[in-house]
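Below is one structure, written out as structure tokens; the observations come after it.
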Amino acid sequence: MVGRTARPDPPGRAVSLGFPGVLLLLWLCLPVRVAAQGVPLAGRVADRRSGDPVAEAIVRVMRGIGQQEAETRTGPDGMFRLSVPEGRYSVLVEAGGYASTRL
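Going by this note's numbering, the first residue of the sequence shown is number 386, and it counts up by one from there.
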């Protein structure tokens with residue numbers, strides 16, 4: 386059986402950042418990662434009278450008048466979680482058999 390042997394890269398072609406280089410790379414990437422992260426928004430949608438969870442409710446986060454920022458659905462336990470940029474919003478919740486609610 387004939388196999389191939391790995392050859393090392395010629396000298397001077399390998400790139401090594403070293404500890405200072407890794408710190409610099411992390412520092413350069415940090416502002417991008419922080420800016421991309423949003424503010425977590427989580428909650429539970431429940432029936433006002435019984436307190437039972439409302440599954441599959443649509444939760445919309447709105448900025449201003451009619452500008453939708455994010456949307457998600459509640460799980461079987463009525464819980465939802467999403468992330469939005471920092472700011473002021475209204476939350477619109479809609480579910481079959483219920484009146485729409487804006488907070």
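Built from N, CA and C at the ideal position, the CB exists for glycine as well.
Your pair Phe465 and Ala431 does not check out as a contact, with CB atoms roughly 12 Å apart and the cut at 8 Å. Here Ala484 is exposed, its C-beta having fewer than 16 other C-beta atoms within 10 Å. The region 419-467 is shown to contain whole beta strand (DSSP E) runs of 3 or more residues at 424-429, 443-448, 452-458, in chain order.
Here Glu479 carries a strand assignment [DSSP, helix/strand/coil]. Pairing Ser468 with Ala440, the inter-Cα distance amounts to about 20 Å. Rounded to whole angstroms, the gap between the alpha carbons of Arg433 and Thr486 is 11 Å.
Burial check for Gly463: the Cβ neighbour count within 10 Å reaches 16 or more, so the residue is buried. If you check the CB distance, Ile443 and Glu479 come in under 7 Å.
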